[in-house]
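Chemist: This is the structure, below, for whatever I ask next.
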Amino acid sequence: MKKTAFYGALTVAGFAASMASAATLDDVKERGVLNCGVSTGLVGFASPNANGVWEGFDVGVCRAVAAAVLGDAEAVEFVPLTTKTRFTALSAGEVDMLSRNTTWTFSRDVDLKLEFTGINYYDGQGFMVPRDLGVSSAKELDGATVCIQTGTTTELNLADYFRSNNISYEPVPIETNAEAQQQYLAGACDVYTTDASALAATRASFEAPGDHIVLPEIVSKEPLGPLVRHGDSDWGDVVRWTLNALIAAEELGVTSANIEELAAAPTGNPEVNRLLGTEGELGAMLGLDANWAVMAISAGGNYAELFEKNIGENTPIGLARGLNAQWTDGGLLYSPPFR
Amino acid sequence: MSSITDPPQGSFRLSMLINDTRYRSLTFQAIAALILALSIWYLGNNLIQNLRQAGLNISYNFLGNPAGYDINQTLVEYTSRSTHAQAALVGILNTLLIAFLACVMATIFGVAAGVLRLSNNWLVSKLMGVYVEIFRNIPVLIWIIIIFTIMTAVMPAPRAFRGDEPEATMLLNAFAFTNRGIYVPAPIWGPGSLVVVLTFLASIVGIFAYRRYATKTLYATGRLLPTFWPSIGLFFVPTILMHFIMGQPISLDHPVLGGFNFSGGLQLGAPLIALWFALSIYTGAFIAENVRAGIQAVSKGQSEAAGALGLRSGRIMSLVVLPQALRVIIPPLISQYLNITKNSSLAIAVGYADVTATLGGITLNQTGRAIECVLLLMLFYLTISLTISGVMNVYNNSVKLKER
Chain H
4 MKKTAFYGAL TVAGFAASMA SAATLDDVKE RGVLNCGVST GLVGFASPNA NGVWEGFDVG
64 VCRAVAAAVL GDAEAVEFVP LTTKTRFTAL SAGEVDMLSR NTTWTFSRDV DLKLEFTGIN
124 YYDGQGFMVP RDLGVSSAKE LDGATVCIQT GTTTELNLAD YFRSNNISYE PVPIETNAEA
184 QQQYLAGACD VYTTDASALA ATRASFEAPG DHIVLPEIVS KEPLGPLVRH GDSDWGDVVR
244 WTLNALIAAE ELGVTSANIE ELAAAPTGNP EVNRLLGTEG ELGAMLGLDA NWAVMAISAG
304 GNYAELFEKN IGENTPIGLA RGLNAQWTDG GLLYSPPFR
Chain E
18 MSSITDPPQG SFRLSMLIND TRYRSLTFQA IAALILALSI WYLGNNLIQN LRQAGLNISY
78 NFLGNPAGYD INQTLVEYTS RSTHAQAALV GILNTLLIAF LACVMATIFG VAAGVLRLSN
138 NWLVSKLMGV YVEIFRNIPV LIWIIIIFTI MTAVMPAPRA FRGDEPEATM LLNAFAFTNR
198 GIYVPAPIWG PGSLVVVLTF LASIVGIFAY RRYATKTLYA TGRLLPTFWP SIGLFFVPTI
258 LMHFIMGQPI SLDHPVLGGF NFSGGLQLGA PLIALWFALS IYTGAFIAEN VRAGIQAVSK
318 GQSEAAGALG LRSGRIMSLV VLPQALRVII PPLISQYLNI TKNSSLAIAV GYADVTATLG
378 GITLNQTGRA IECVLLLMLF YLTISLTISG VMNVYNNSVK LKER
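For the protein sequence lines, the chains are H and E, in the order given.
Counting with the numbering used here, you get residues 4 to 342 for the letters of the first sequence.
Counting with the numbering used here, you get residues 18 to 421 for the letters of the second sequence.
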């Protein structure tokens with residue numbers, strides 16, 4: 004019996020390792036559905052709505068990739084993953100890509116053999132506290148109990164920040180955002196720390212968001228982006244350039260409203276023509292249809308539309324563009340040219 | 018003469034490996050072993066090759082690197098600059114602590130419930146029946162989460178203790194029950210406290226010596242010496258006397274509300290309490306059944322015979338029934354202790370930093386060394402389980418039926 008289990012484990016490990024090197028693009032096309040790893044539930048970024056349909060900013064990236072590859076934004080199987088399981092699931096081939104507010108770091112890129120295909124949200128770690136605690140700076144948090152999602156870069160930043168400021172704290176490691184929210188609201192921890200965008204999203208889902216404040220300190224750089232397995236550059240290119248297409252579309256003024264008109268015939272702007280496939284062979288180079296970017300942008304709109312619809316200032320989450328504005332507007336979004 | 022009954026000493030032929038019943042089973046076992054070894058070699062080789070192809074290698078160098086994360090309950094020196102190996106050690110000690118506490122508590126719950134379930138009092142025996150059936154038929158993970166959730170939701174936050182008219186107050190000004198854990202006074206060892214501790218240890222030795230002497234007197238002269246009150250007296254009186262003679266060297270550090278949390282005193286974290294209580298009460302239900310089975314396995318004639326000799330019911334239980342029942346109780350008790358140790362790995366559900374949470378959780382995550390960490394974890398749990406089972410088997414041998 005024990006031997007059988009051992010065999011099974013070895014076989015699974017063997018299969019998993021051999022699957023990783025297969026051509027993901029062909030697999031997805033053959034399957035007709037994209038397996039996309041998302042968060043277990045973070046309003047605005049990835050959460051199922053009242054009808055059980057996944058929506059959010061990260062979900063939008065999954066749908067854009069599915070639309071570019073399969074021509075159908077609905078052909079996505081969403082796999083909710085915790086911070087602990089996400090990389091294993093991706094490495095083992097359980098999902099084709101991860102779009103799950105994941106920070107791009109050296110060791111994840113190099114040592115874990117993952118490939119980050121760009122940045123869809125420039126974030127930083129913040130702290131949320133109840134307003135009646137009377138705290139106005141993270142430096143006043145000496146001795147506080149801090150809820151934190153385990154297996155994240157936040158966990159390491161937190162230790163570094165408190166250590167360098169010579170203040171003590173007590174960590175409460177937690178698996179999911181929902182559990183953290185429950186612990187924080189019950190007062191089992193004084194502070195909840197995670198990426199500032201996720202704090203805003205979590206706060207928006209509280210009954211009384213006004214009773215909680217996000218402290219001004221941002222203690223780390225958290226470039227969040229979609230990622231794929233190392234060693235399949237063709238698939239990495241598809242995800243990378245789909246994201247770039249969404250960003251470039253905003254820069255070039257292509258929206259889901261005017262895209263049909265712009266894609267119908269070559270326009271006066273050659274870059275728009277190359278992006279939308281009315282000129283050149285960019286789609287074929289990726290192994291996709293000529294109208295791949297048209298499909299991707301039609302799926303949920305360009306970057307700005309996705310942002311405004313899910314997490315922008317008119318939503319309950321209310322995030323400003325800030326660093327996530329186009330480079331032309333003083334932000335960091337900068338898509339390489341389509342040529 | 019004997020040569021007639023000897024089997025024919027024919028030369029060995031290869032076909033005898035299949036045709037001769039003396040060798041046939043050996044042949045097939047050898048073939049099976051060979052196939053098994055080959056398949057393991059093939060799968061292992063496949064694994065190594067695939068890992069190499071994916072650019073991954075097996076290496077334990079990460080254990081020497083700084084862990085970079087903090088742990089909320091550490092029995093040994095640990096900071097975020099300590100190594101992953103040190104973090105694993107912290108986790109191992111936390112696992113051993115919870116396993117030990119839960120084994121003791123589960124045994125107490127189990128023995129009490131098992132004995133009470135056989136009580137002649139209808140209400141008591143039915144209540145114990147309900148306890149056993151409810152607790153052992155709901156998964157332990159659910160119990161852990163239920164108890165933890167109740168603790169965090171029902172108990173007051175430290176913040177509630179603040180202000181002139183606080184919503185919650187400390188018990189006797191020394192114990193604080195909060196949703197982050199229970200704070201109790203901690204002893205402060207002043208100069209001279211060593212003498213007090215030594216006196217205490219000596220009085221414990223004294224209790225055992227006195228009890229042995231009482232048994233000896235009973236066997237030699239038939240005179241029954243009182244043991245209960247002298248034991249209690251020996252336990253408390255010398256230590257307290259010595260404490261005052263040495264000028265009260267041991268004082269208590271009371272927890273006080275300061276900043277965000279209580280400081281000072283000893284903190285029993287909410288995760289520890291929830292996990293401890295859940296594991297004990299869940300496993301206690303199984304142990305109760307073992308105890309009941311053990312007691313019922315002792316034939317009624319034994320206690321009737323003891324009664325006929327004039328023994329009182331308490332002595333019948335401790336001198337006649339329990340020693341025989343232990344033979345039945347201990348083997349399944351070993352597996353319950355193993356279950357507790359293994360179930361303690363569910364600690365991650367409530368954020369208790371056991372070895373599965375540190376080495377198998379955060380370290381695994383931050384370094385991505387899944388295979389290495391899991392292998393280490395398997396090795397640790399195997400070692401600890403085999404040790405427990407070995408120790409309990411020694412005890413089992415000491416109480417089992419001595420055949421002469």
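Virtual Cβ for every residue (Gly too), placed ideally from N, Cα, C.
Quick one: does K87(H) have its CB under 7 Å from some CB of chain E?
Modeler: yes
Chemist: Using a Cβ-Cβ cut-off of less than 9 Å, give me the residues of the stretch 242-271 of chain E that come near chain H, in sequence order.
Modeler: none
Chemist: Tell me the DSSP secondary structure of M131(H) in three-state form.
Modeler: In the three-state reduction of the DSSP assignment, M131(H) falls in the strand class, which pools E and B.
Chemist: Is the shortest distance between the beta-carbon of T375(E) and the beta-carbons of chain H less than 7 Å?
Modeler: no
Chemist: Could you work out which residues of chain H lie near A287(E), taking near to mean beta carbons separated by less than 8 Å?
Modeler: A191
Chemist: Would you identify the three-state DSSP class for I161(E), choosing helix, strand or coil?
Modeler: helix
Chemist: For N89(E), which residues of its own chain have a beta-carbon under 7 Å away from its beta-carbon, when the five flanking residues on both sides are left out?
Modeler: Taken in chain order, the residues that qualify are G286 and A370.
Chemist: Can you have a look at A203(E) and say buried or exposed, based on whether 16 or more other CB atoms are within 10 angstroms of its CB?
Modeler: exposed
Chemist: With distances taken Cα to Cα, identify the nearest neighbour of A129(E) among R309(E), G239(E), L114(E) and P255(E).
Modeler: R309(E)
Chemist: Taking only beta carbons into account, state which residues of the stretch 88-106 of chain E come closer than 8 Å to chain H, listed in chain order.
Modeler: I88, N89, T96, S97 and R98
Chemist: Measuring alpha carbon to alpha carbon, tell me which residue in G234(H), V242(H), V149(H) and E274(H) is nearest Q70(E).
Modeler: G234(H)
Chemist: Output, in chain order, the set of chain E residues within a Cβ distance shorter than 8 Å of P174(H).
Modeler: Those within 8 Å of P174(H) in chain E are Y86, D87, I88 and N89.
Chemist: When the Cα atoms are used, what is the spatial distance from L235(E) to R229(E)?
Modeler: 10 Å
Chemist: What residues in its chain sit with their C-beta under 6 Å from that of V138(H), if we drop five residues either side in the sequence?
Modeler: Within the same chain, V138(H) has close Cβ partners V132.
Chemist: Between A177(E), L158(E) and I65(E), which lies nearest to I388(E) when the distance is taken from Cα to Cα?
Modeler: I65(E)
Chemist: Please list, in chain order, the chain H residues whose beta carbon lies closer than 8 Å to that of I379(E).
Modeler: Chain H residues near I379(E): T153, G154, E158 and P176.
Chemist: Y195(H) and A183(H): beta carbons closer than 7 Å?
Modeler: yes
Chemist: Between L251(E) and the rest of its own chain, which residues show a CB-CB distance below 7 Å, the 5 nearest in sequence each way excluded?
Modeler: S220, G223, I224 and Y227
Chemist: In this structure, how does DSSP classify C39(H) when only helix, strand and coil are distinguished?
Modeler: strand
Chemist: Considering Cα atoms alone, identify which of S223(H), E58(H), L73(H) and N52(H) is closest to T155(H).
Modeler: S223(H)
Chemist: Using a Cβ-Cβ distance cut-off of 7 Å, determine whether F277(E) contacts chain H.
Modeler: So yes, F277(E) belongs to the interface.
Chemist: For W206(E), which residues does DSSP report across the bridge?
Modeler: Bridge partners of W206(E): I267(E).
Chemist: Between R166(H) and chain E, is the shortest Cβ-Cβ distance under 7 Å, so that the two count as touching?
Modeler: Among the CB atoms of chain E, one or more fall inside 7 Å of the CB of R166(H).
Chemist: Where does C150(H) sit, in a helix, a strand or coil, going by DSSP?
Modeler: strand
Chemist: Would DSSP call I155(E) helix, strand or coil?
Modeler: coil
Chemist: Let's test the definition: count the other Cβ atoms within 10 Å of the Cβ of A366(E) and tell me whether it reaches 16, buried, or not, exposed.
Modeler: buried
Chemist: Residue range of the alpha helix (DSSP H) that Y195(H) falls in?
Modeler: From DSSP, Y195(H) is part of no alpha helix (DSSP H) but of the beta strand (DSSP E) over V194 to D198.
Chemist: Using a Cβ cut-off of 7 Å, pull out every chain E residue sitting near L115(H), in sequence order please.
Modeler: Per Cβ cutoff of 7 Å: G385.
Chemist: Just mark W330(H) as buried or exposed, buried being the case when its beta carbon has 16 or more other beta carbons within 10 Å.
Modeler: exposed
Chemist: Closer than 7 Å, CB to CB, is T169(E) near chain H or not?
Modeler: yes
Chemist: For A49(E), decide whether its Cβ has a neighbour in chain H, counting only Cβ atoms nearer than 7 Å.
Modeler: no
Chemist: Taking buried to mean at least 16 other C-beta atoms within 10 Å of its own C-beta, is N82(E) buried or exposed?
Modeler: exposed
Chemist: So with CB distances below 7 Å, who are the chain E contacts of F90(H)?
Modeler: G385
Chemist: Are T120(H) and R206(H) close, meaning C-beta to C-beta below 7 Å?
Modeler: no
Chemist: In three-state terms, what does DSSP make of G276(E)?
Modeler: coil
Chemist: For A295(E) and I164(E), what's the separation of their Cα atoms in angstroms?
Modeler: Roughly 7 Å between the two C-alpha positions.
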